[in-house]
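Beneath this line is the structure, given in C-alpha cells, with notes to follow.
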C-alpha cells in the first residue's frame, strides 16, 4: 500500500476503491462540512463519499484521477462557494477532449435535476444515505485475487507528485500534454477555468509548480539542500568563477520550502504561467552569481563580502570571526560594557 508520501491529498483510498469496482459508478462527493445526510437520495448504485478536504481545494489532477479510476459521474455536495472551482472546470475541458460523451460528467447538487418524489410503500422505511469517509472504504475481495491488468487506473498506487499523477492520468485518458496546453490557451478570460490559471496550488486550473527568481542570491546552497524533490542545483559556469542556480521545472511541486529557508530572503516564487509552464518541464536558470574564494576557509561564496574583520570572508566565517563563542546577542539587546 502506498505510504503517506504517495497520498498527499488523501484520495488514494478512494481512487483505489473505484479502480477495483467491477463497473464504473456514479460518485457523490461530499464536503467535510456538509450535513451528514445527502439532501436528495442518490441512485442505489451511487457511492456517497465524504472527501478529506473541500472539493474546491482539489487540484485538477484529482478530478481526472477520479474519472480514470471509474467515476462515471461526479455530483458535488459542497456548502462553500464556488461550486465550480477552476480546477474542476479545467478537468471538464480535458475530459471533453478525450471523451465527448462526458460533457455532463460533473454537476453540483444545486444544479442536479429534480426528481418527482415517490410515494413510500406502506411499512417501507425512508432510504438513508450517510456519506462514507474516503479513508474508511474497504477494497473488494477481488482486489486481492484479480490481476492488476483487470483493474483501472490507480489500482496499484499513484505517483508521489501532482505532476507525476497528472501525466499518468492524461496518458490513461488519451489526452496528450500538448492538448492540455492548447485547452488552457483556448479558455476565454471570463471562463471559471481562467480565474486562477496562474494561481497554482490547491483548486487552481493548472497543476502546482513555481518558477523561481533570485535577484539577491548568494549561492549558499541552502535552497538546494532544502528542496525535497531535488529540483534545484548549483552549476559551475565553465571558464569563470560564477555559479548558476538552476531549477528543474518538471520536478518542482510548488511547496515553497526553498523560499521559506533562504537565509538571504532572495528567492521569490511565481506560479507557472498555464499548463505549458509546468508540463513542458525543462531547466531554467534562476540566477547567476559571481563568486569569490573565502580568505579563511577557501569556499566559494557570492554576495557582499565582509571586510570588517580583515580580508573578504564568507558569511559563515564572518559570523565566527565576529562571534568566536558561537552565539550572538538578540536584536535590541544592550551592548556589553567596555
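Numbering (UniProt numbering), first residue to last: 1 to 338.
Heads up, the beta-carbon is just placed ideally off N, CA and C, and yes, glycines get one too.
Residue of the options minimising C-alpha distance to residue i
i           : options               : result
residue 303 : 233, 295, 296 and 289 : 289
residue 49  : 133, 70 and 153       : 133
residue 32  : 291, 258, 11 and 55   : 55
residue 135 : 96, 53 and 26         : 53
residue 257 : 21, 68 and 267        : 267
residue 69  : 92, 137, 15 and 58    : 15
residue 78  : 58, 71, 94 and 95     : 58
residue 285 : 263, 158 and 219      : 219
residue 71  : 319, 152, 131 and 96  : 152
residue 155 : 162, 163 and 169      : 169
residue 269 : 282, 163 and 252      : 252
residue 95  : 67, 76 and 22         : 67
residue 221 : 264, 241 and 210      : 264
residue 313 : 64, 163, 291 and 87   : 291
residue 236 : 214, 212, 287 and 259 : 287
residue 162 : 76, 326, 64 and 295   : 64
residue 212 : 226, 249 and 225      : 249
residue 9   : 319, 316 and 158      : 158
residue 17  : 43, 87 and 139        : 139
residue 28  : 34, 35 and 76         : 76
residue 43  : 35, 74 and 226        : 74
residue 36  : 91, 130 and 141       : 130
residue 21  : 322, 150, 34 and 298  : 150
residue 327 : 319, 90 and 19        : 319
residue 259 : 141, 210, 298 and 282 : 210
Three-state class that DSSP yields for residue i in the structure shown
i           : result
residue 26  : strand
residue 248 : strand
residue 339 : Absent from the structure is residue 339, since the part of the chain shown begins at 1 and ends at 338.
residue 112 : For residue 112, the predicted model reports a pLDDT of 41, less than 50, meaning its position is unreliable; a value from the coordinates is still stated below. Of the three classes helix, strand and coil, the one that applies to residue 112 here is coil, per DSSP.
residue 192 : Summary for residue 192: the model assigns pLDDT 42, below 50, so the residue's position carries little reliability; its value from the coordinates is reported in the next sentence. Correct three-state label for residue 192: helix.
residue 60  : helix
residue 213 : strand
residue 20  : coil
residue 139 : coil
residue 93  : helix
residue 152 : coil
residue 161 : coil
residue 260 : helix
residue 224 : helix
residue 332 : coil
residue 325 : coil
residue 174 : coil
residue 230 : coil
residue 296 : coil
residue 202 : For residue 202, the pLDDT reaches just 45, beneath the cut-off of 50, and the residue's location in the model is therefore unreliable, although a value from the coordinates is still provided. If DSSP states are grouped into helix, strand and coil, residue 202 belongs with coil.
Beta-bridge pairing of residue i - partner residues as DSSP gives them
i           : result
residue 132 : 49
residue 302 : 291
residue 284 : 247
residue 73  : 26
residue 236 : 243
residue 269 : 212
Cβ distance (whole Å) where residue i is taken to contact residue j below 8 Å
i           : j           : result
residue 261 : residue 223 : 7 Å
residue 300 : residue 243 : 7 Å
residue 26  : residue 46  : 4 Å
residue 61  : residue 166 : 4 Å
residue 232 : residue 247 : 6 Å
residue 238 : residue 255 : That belief does not hold up - the Cβ atoms of residue 238 and residue 255 are roughly 32 Å apart, past 8 Å.
residue 13  : residue 145 : That belief does not hold up - the Cβ atoms of residue 13 and residue 145 are roughly 19 Å apart, past 8 Å.
residue 30  : residue 51  : 7 Å
Residue i Cβ short of 7 Å to the ligand GTP heavy atom set
i           : result
residue 282 : Among the components of this structure there are no ligands whatsoever, and the ligand GTP is therefore not found.
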